[in-house]
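Engineer: Can you keep this structure in mind? I'll have questions shortly.
Number of protein chains: 2
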Amino acid sequence: MSHALDEAIRLASTGANTYTGATHPAYANMVGPYGGATSATLLNAALLHPSRLGDPIALTINFAGPVAEGAFEIEAVPVRTNRSTQHWSLLMRQGGAVCTSGSAVFAQRRETWSAQDAVAPGDMPPPESLPRFGSDLLPPWTRCYDMRFLPGEEPFQFDGDMRSHANTRLWVRDDPPRPLDFAGLAAICDNFFPRIFDRRRRPAPIGTVTLTAYFHADAAQLAAQGARHVLGTARALRYRDGYFDQSAEVWSDAGQLLASTHQMVYFKE
Amino acid sequence: MSHALDEAIRLASTGANTYTGATHPAYANMVGPYGGATSATLLNAALLHPSRLGDPIALTINFAGPVAEGAFEIEAVPVRTNRSTQHWSLLMRQGGAVCTSGSAVFAQRRETWSAQDAVAPGDMPPPESLPRFGSDLLPPWTRCYDMRFLPGEEPFQFDGDMRSHANTRLWVRDDPPRPLDFAGLAAICDNFFPRIFDRRRRPAPIGTVTLTAYFHADAAQLAAQGARHVLGTARALRYRDGYFDQSAEVWSDAGQLLASTHQMVYFKE
Numbered sequence: 019m020s021h022a023l024d025e026a027i028r029l030a031s032t033g034a035n036t037y038t039g040a041t042h043p044a045y046a047n048m049v050g051p052y053g054g055a056t057s058a059t060l061l062n063a064a065l066l067h068p069s070r071l072g073d074p075i076a077l078t079i080n081f082a083g084p085v086a087e088g089a090f091e092i093e094a095v096p097v098r099t100n101r102s103t104q105h106w107s108l109l110m111r112q113g114g115a116v117c118t119s120g121s122a123v124f125a126q127r128r129e130t131w132s133a134q135d136a137v138a139p140g141d142m143p144p145p146e147s148l149p150r151f152g153s154d155l156l157p158p159w160t161r162c163y164d165m166r167f168l169p170g171e172e173p174f175q176f177d178g179d180m181r182s183h184a185n186t187r188l189w190v191r192d193d194p195p196r197p198l199d200f201a202g203l204a205a206i207c208d209n210f211f212p213r214i215f216d217r218r219r220r221p222a223p224i225g226t227v228t229l230t231a232y233f234h235a236d237a238a239q240l241a242a243q244g245a246r247h248v249l250g251t252a253r254a255l256r257y258r259d260g261y262f263d264q265s266a267e268v269w270s271d272a273g274q275l276l277a278s279t280h281q282m283v284y285f286k287e
Numbered sequence: 019m020s021h022a023l024d025e026a027i028r029l030a031s032t033g034a035n036t037y038t039g040a041t042h043p044a045y046a047n048m049v050g051p052y053g054g055a056t057s058a059t060l061l062n063a064a065l066l067h068p069s070r071l072g073d074p075i076a077l078t079i080n081f082a083g084p085v086a087e088g089a090f091e092i093e094a095v096p097v098r099t100n101r102s103t104q105h106w107s108l109l110m111r112q113g114g115a116v117c118t119s120g121s122a123v124f125a126q127r128r129e130t131w132s133a134q135d136a137v138a139p140g141d142m143p144p145p146e147s148l149p150r151f152g153s154d155l156l157p158p159w160t161r162c163y164d165m166r167f168l169p170g171e172e173p174f175q176f177d178g179d180m181r182s183h184a185n186t187r188l189w190v191r192d193d194p195p196r197p198l199d200f201a202g203l204a205a206i207c208d209n210f211f212p213r214i215f216d217r218r219r220r221p222a223p224i225g226t227v228t229l230t231a232y233f234h235a236d237a238a239q240l241a242a243q244g245a246r247h248v249l250g251t252a253r254a255l256r257y258r259d260g261y262f263d264q265s266a267e268v269w270s271d272a273g274q275l276l277a278s279t280h281q282m283v284y285f286k287e
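Protein chains in written order, with the working numbering: chain A, 19 to 287; chain R, 19 to 287.
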């Protein structure tokens with residue numbers, strides 16, 4: 019039995035730098051696939067590539083146009099390989115048109131002095147003490163995650179009661195559970211609902227236009243996290259004339275920063 | 019008399035999506051050009067392109083390999099143009115090899131509900147009350163900026179007195195003054211010295227591997243800022259096994275968030 023995420027990111031090699039794959043119904047969003055599944059799939063093209071060097075440290079995915087349900091082609095080109103870093107250009111096409119573009123940086127890390135300035139919130143109740151978030155009205159991909167929000171910070175509370183910020187916290191893991199790896203972490207980086215929903219507490223048409231994720235953990239740290247919930251913290255800085263940013267951190271349950279991630283999101287009205 | 023930044027980002031069209039340019043001695047760094055000049059130059063290729071739609075909202079630049087002083091070629095391809103957004107693929111080559119890659123998102127903004135959650139530090143003394151930072155020992159590009167740090171937060175204080183964070187604030191503007199525009203703002207986004215220097219207060223070999231900038235202002239807001247100092251705030255989240263992130267915000271002198279920017283930086287030891 020393979021996990022739905024592994025099915026969603028599965029690729030077949032069709033040439034030196036090209037792959038085919040297909041969207042997965044479990045990760046369907048309102049229109050097309052969940053962006054996190056798309057970014058994990060593009061990252062997977064580099065992860066699977068025979069020329070791959072090291073592990074990902076950065077990923078940028080530009081959601082250039084709608085992705086239709088069905089087959090896609092991916093081009094993953096190692097545009098530059100150095101002694102310890104490798105730079106990738108990534109493109110997803112459907113019917114010959116680019117629907118998603120991006121880039122990734124891979125690196126072979128060496129042990130150095132290390133420190134973490136950022137501090138995970140210390141007052142988050144354990145996941146098992148919080149109710150699982152869910153709604154049959156939400157798109158299928160939301161049911162691929164076990165999300166547990168801090169009470170009062172649940173998404174989609176559309177009472178129109180405008181807030182002064184969009185800071186939220188949650189515990190999240192794949193459902194069914196799946197040991198954390200780079201593809202799974204990349205997918206979780208798009209897990210944070212549009213901040214403008216939390217800020218205005220009313221719906222709006224939205225769409226992520228670009229997402230960047232930085233990976234602070236290596237494969238061993240991700241393996242150590244296993245399939246347990248990770249902690250997510252998210253906020254926005256500014257909403258203006260059709261676009262807002264949002265940033266989020268993904269923390270291990272021991273308070274290690276696993277990933278930090280940033281988006282620009284289109285909104286209407 | 020043209021400004022050195024305009025000379026540094028100057029490009030000559032050589033084809034449908036190709037340009038040539040050359041590094042500028044005023045923006046020389048330790049090795050090769052200042053990364054901010056490189057990212058502004060790549061952005062400029064899209065800004066100058068006859069197919070350009072709207073203004074930049076996001077830019078990602080991957081510093082794939084060293085850029086040598088001298089001539090370079092740029093390829094700027096509008097990989098997808100929608101009704102109100104346009105996605106760019108950017109490459110800089112020298113001698114046929116990719117030295118820099120990237121992407122940009124442009125958009126035609128429409129007036130919408132707008133708000134700013136982030137708050138500029140309110141206790142920063144005005145720029146004219148602070149001494150200008152400078153050192154003849156630093157690379158030429160640092161003298162292209164008038165930087166005024168909050169006392170105690172000056173860079174390169176290499177006394178080995180480890181700090182618990184790398185948060186710093188400064189006022190910065192081009193020197194000579196230059197009215198702010200997207201290229202100038204993109205260049206300033208790489209202005210923040212490596213956080214690991216502020217954190218450990220000792221030198222180390224470093225190099226930015228990837229930079230992302232989000233533009234929250236439009237051309238009119240940048241024009242309103244003119245050539246006055248902008249406020250910069252910066253910090254890091256985690257340093258680990260050869261790489262650390264840093265994030266920064268660039269604020270107008272009226273407290274509007276003009277840009278937010280993020281990097282992953284290589285370090286040794």
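The C-beta atom is built at its ideal place from N, Cα and C for all residues, glycine as well. All values derive from a computational prediction rather than experimental measurement.
Given this structure, state the Cα-to-Cα distance separating Q243 (chain A) from L23 (chain R), to the nearest angstrom.
Structural biologist: 47 Å
Engineer: Output needed in chain order: residues of the stretch 71-95 of chain A with a Cβ under 9 Å from some Cβ in chain D.
Structural biologist: No chain D appears in the structure shown, which is made up of the protein chains A and R.
Engineer: At the level of alpha carbons, what is the spacing between I206 (chain R) and R217 (chain A)?
Structural biologist: Between the alpha carbons of I206 (chain R) and R217 (chain A) lies a distance of about 30 Å.
Engineer: Select from the stretch 130-164 of chain R all residues with a C-beta closer than 9 Å to any C-beta belonging to chain A, and list them in chain order.
Structural biologist: T130, W131, S132, A133, Q134, D135, A136
Engineer: Quickly, what does DSSP pair I224 (chain A) with across the bridge? List them, please.
Structural biologist: A:F285
Engineer: Can a CB atom of chain R be found closer than 8 Å to the CB of A64 (chain A)?
Structural biologist: no
Engineer: Going by the DSSP bridge assignment, what does W131 (chain A) pair with across the sheet?
Structural biologist: W131 (chain A) is not bridged to any residue.
Engineer: Quick check on DSSP: helix, strand or coil for N62 (chain R)?
Structural biologist: helix
Engineer: Tell me whether F233 (chain R) sits in a helix, a strand or coil according to DSSP, three-state version.
Structural biologist: Residue state for F233 (chain R) is assigned as strand, using DSSP reduced to three classes.
Engineer: Taking Cβ positions only, does A40 (chain R) come closer than 8 Å to chain A?
Structural biologist: no
Engineer: Is there a Cβ of chain R sitting closer than 8 Å to that of A237 (chain A), yes or no?
Structural biologist: False, the Cβ-Cβ gap to chain R never drops below 8 Å.
Engineer: Strictly below 8 Å CB to CB, what residues from chain R border M282 (chain A)?
Structural biologist: I75, A76, V123, Y232
Engineer: Look up P43 (chain A) in the DSSP assignment and say whether it is helix, strand or coil.
Structural biologist: helix
Engineer: Considering G250 (chain A), what are the terminal residues of the beta strand (DSSP E) in which it resides?
Structural biologist: 248-253
Engineer: Where does D24 (chain R) fall in DSSP's three states?
Structural biologist: helix
Engineer: Identify whether E172 (chain R) lies in helix, strand or coil by the three-state DSSP scheme.
Structural biologist: coil
Engineer: When the cut-off is 8 Å and only beta carbons count, does Y37 (chain A) lie next to chain R?
Structural biologist: At least 8 Å separates the CB of Y37 (chain A) from every CB of chain R.
Engineer: I'd like to know if E25 (chain A) contacts chain R, where contact means its C-beta is closer than 8 Å to some C-beta of that chain.
Structural biologist: Contact with chain R is absent for E25 (chain A), since none of that chain's Cβ atoms lies less than 8 Å from the residue's Cβ.
Engineer: By the 9 Å beta-carbon criterion, what residues does the stretch 245-262 of chain A contribute toward chain R?
Structural biologist: R253, A254, L255, R256, Y257, R258, D259, G260, Y261, F262
Engineer: Is F174 (chain R) close to the ligand SAM? I mean its beta-carbon at under 7 Å from any heavy atom of the ligand.
Structural biologist: Ligands in the displayed structure: none, and consequently the ligand SAM is not present.
Engineer: If you reduce the DSSP assignment to three classes, tell me which class D192 (chain R) lands in.
Structural biologist: strand
Engineer: What residue range does the alpha helix (DSSP H) around L203 (chain R) cover?
Structural biologist: 200-206 is the span of the alpha helix (DSSP H), which, as asked, contains L203 (chain R).
Engineer: Using the rule of at least 16 other Cβ atoms within 10 Å of the residue's Cβ for burial, across every protein chain shown, is L276 (chain R) buried or exposed?
Structural biologist: buried
Engineer: Given that a residue counts as buried once 16 or more other Cβ atoms are within 10 Å of its Cβ, and exposed if not, what is L198 (chain A)?
Structural biologist: Buried, because 16 or more other Cβ atoms sit within 10 Å of the Cβ of L198 (chain A).
Engineer: When we look at the beta-carbon of P96 (chain R) and count the other beta-carbons within 10 Å, is it buried (16 or more) or exposed?
Structural biologist: Residue environment analysis places P96 (chain R) among the buried positions, since at least 16 neighbouring C-beta atoms fall within 10 angstroms of its C-beta.
Engineer: Check R256 (chain R) in the structure and name its three-state DSSP category.
Structural biologist: strand
Engineer: Relative to the C-alpha of E267 (chain A), which candidate in A:S278, A:L109, A:R258 has its C-alpha closest?
Structural biologist: The option with the nearest alpha carbon to E267 (chain A) is A:S278.
Engineer: CB-CB under 8 Å to P173 (chain A), same chain, minus the five flanking residues each way: which ones, in chain order?
Structural biologist: F151, F167, T186, F211, F215, D216
Engineer: Along the beta strand (DSSP E) that carries D154 (chain R), what are the first and last residues, could you check?
Structural biologist: Looking at the DSSP string, D154 (chain R) is not in any beta strand (DSSP E), and its letter there is neither H nor E.
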